[in-house]
Structure formats: structure tokens, C-alpha cells
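**Q** Numbering (our numbering), first residue to last: 2 to 275.
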């Protein structure tokens, strides 16, 4: 498979006011792309675009609302087509299922799952019409294995993985690439107050950003960050629940989202409305 140049490509990234999204916008810009940054916090989106400089735009978008995403999409396409859509926006409320409000669970589903669906529904028609394009959905390794304390989060990321894979099959031969990116613990505010699993290193947003940029240049369906988590996760369905649960326990994955510091997460929880 050949290499796709990012020079002059117009790439939309949601949730790019900070964290993985912002790091990805910066990485893609250094490789020659024009980046269109969307974030629910308009000030963050504008500041991110300003920090990047030329060939960067920033707009407000609430990905959970179709009308809001449609308005953002209209602005993003005002100066050209969208070559790549990166559905990155998401929230990670953690804690015991019944300790979290029904509204918190609902918001996680609306942002993490409907956000990706809204973006795809608005962006795919033009890609299908011209026979080219790339959709990248940012999920999580938590979508591949059960993590107590992350019941809804794991569920939403599993949904994103399934959505991406099903779209890949449904649109096979259309000229459109679909990629699912599955980072492990990433050093952003999402993991504040948590303890990382053993053996698997915490990665930086820039690591995920480089992996995303590489996947655009050389399209592939699945991207794990760090790469080591892929071989650790692939065999799990074949091992059976008992062995899988013992393995996850040995890594400490069964306590990562339960034994957290609420005070350390208070700032993030407040921002996401938990």
C-alpha cells in the first residue's frame, strides 16, 4: 500500500482543544495538513488554532447534538472538502456504576458514541460521492476488555470499535479508509487520580498523535498505542473469561477505575459535568 501525503489535506479533529486532539492537530500540521479544530469549549478551539498558526481553524461543536455538528461541518467545509475526519471527542467518567448518575451515563453515550455517528453521517456522503476519504475513530483499549469502574466508558468504546469495523466492511471498495485508534493509559486529564496497569507504559498524547498521523499516511484498520497492547488483547477472547479475568487482575486492570483519588479527578469531573 502506498503512502498518502498530508500536504494540503484538510483534516477535521473533534475534541481538539486539549489532550490527544490538540497533539494530533499539531502533529498533522507539521506534516503539511490544514487542521480544523472542533471543541465544545469554543475558547479552547480558538486558542488551539491560534497556537498552531496558519492553516488552522477553530470552531465550537457539541458532537452529541446533530444540529451543532451540522453547523460545525458547514464551517469546516466552507473553504474546501474534508479529506479526513478524526472523531476524537469523548469523556471518561469512572467509578462504581451505581455511584454515578443516570445523566452521567447518558452524556457518555451521547458524546462518545453518538458523537462519532453524527460526524460520520455528516461527512461520509461527500466522501462516498468522490470515492475517497478517511474516517478515524478514537476508541480505547478499554473497549476491548472489561474494566470495573468504567462500565459505561468501556461500553461506549466497544461501540466505537464495532461502528468503525462495520463501516469498514459496509463501505469496502468505496475508496474510503476506516481506522480505529485504541490508546491505553494516556497522560491527559482523563486519567487523573488513577493508577496505570502493570507492564503497559503510560503514553503521551504526542505518541497517539504520531500513530494517528502515520495511520493516515499508511492506512490501516486498527492502531494500538502502545503497540504492545495489541498482542496482549488479541488472544483474550480465546482464553476464556476465567483466565482473562486472572490476567487482568495480575495487571491491576480490575482496580484502575475503582481505586482512584476523587480529589485529583475533581477538576476533570467538574468540566465534564459529572
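For glycine and all other residues, C-beta sits at the position ideal for the given N, C-alpha and C.
Tell me the residue span of the alpha helix (DSSP H) that contains residue 205.
**A** Segment: none, residue 205 is in no alpha helix (DSSP H) and carries neither H nor E.
**Q** Given this structure, state the Cα-to-Cα distance separating residue 23 from residue 229, to the nearest angstrom.
**A** Each residue's alpha carbon lies about 24 Å from the other.
**Q** On a CA-only basis, which of 246, 19, 88 and 109 is nearest residue 154? Give me that one, please.
**A** The shortest C-alpha separation from residue 154 is found at 109.
**Q** Is the separation between the beta-carbon of residue 99 and that of residue 214 shorter than 9 Å?
**A** Cβ distance not < 9 Å, so residue 99 and residue 214 don't count as in contact.
**Q** By DSSP's criteria, residue 86 is part of a beta bridge. Which residues make up the other side?
**A** Residue 86 pairs with 13 and 136.
**Q** Just how far apart, CA to CA, sit residue 82 and residue 53?
**A** Approximately 20 Å, taken between the alpha carbons.
**Q** Are residue 204 and residue 187 close, meaning C-beta to C-beta below 9 Å?
**A** Contact: yes.
**Q** DSSP beta-bridge partners for residue 183?
**A** Note: residue 183 sits in a beta bridge opposite 225.
**Q** Span of the beta strand (DSSP E) holding residue 160?
**A** Taken as a continuous stretch (DSSP letters only), residue 160 belongs to no beta strand (DSSP E), being part of the alpha helix (DSSP H) at 152-171.
**Q** Near residue 32, which residues of its chain fall below 8 Å by C-beta distance, leaving aside the five closest residues on each side in sequence?
**A** Result list for residue 32: 7, 8, 214 and 218, in chain order.
**Q** In three-state DSSP terms, what is residue 35?
**A** Correct three-state label for residue 35: strand.
**Q** Could you please give the first and the last residue of the uninterrupted beta strand (DSSP E) stretch that includes residue 71?
**A** It is not in any beta strand (DSSP E) - residue 71 instead sits in the alpha helix (DSSP H) that spans 67-77.
**Q** Run through the DSSP bridge pairs and tell me what residue 58 is partnered with.
**A** In the DSSP output, where bridge partners are listed per residue, residue 58 has 37.
**Q** Taking only the alpha-carbon atoms, compute the straight-line gap between residue 67 and residue 11 and give it to the nearest angstrom.
**A** Cα-Cα distance, rounded: 21 Å.
**Q** Once you ignore the five residues that flank residue 95 on each side, which residues in its own chain have a CB closer than 6 Å to its CB?
**A** Within the same chain, residue 95 has close Cβ partners 150, 151 and 258.
**Q** Under DSSP, the alpha helix (DSSP H) around residue 119 begins and ends at which residues?
**A** Element bounds for residue 119: 116-131.
**Q** To the nearest angstrom, report how far apart residue 62 and residue 185 are at their CA atoms.
**A** Going from the Cα of residue 62 to the Cα of residue 185 covers about 26 Å.
**Q** Under 9 Å, do residue 65 and residue 112 count as touching if we go by C-beta distance?
**A** Yes, these two residues count as a Cβ contact at 9 Å.
**Q** Quick one: is residue 84 buried, meaning 16 or more other Cβ sit within 10 Å of its Cβ, or exposed?
**A** Buried: at least 16 other Cβ atoms inside 10 Å.
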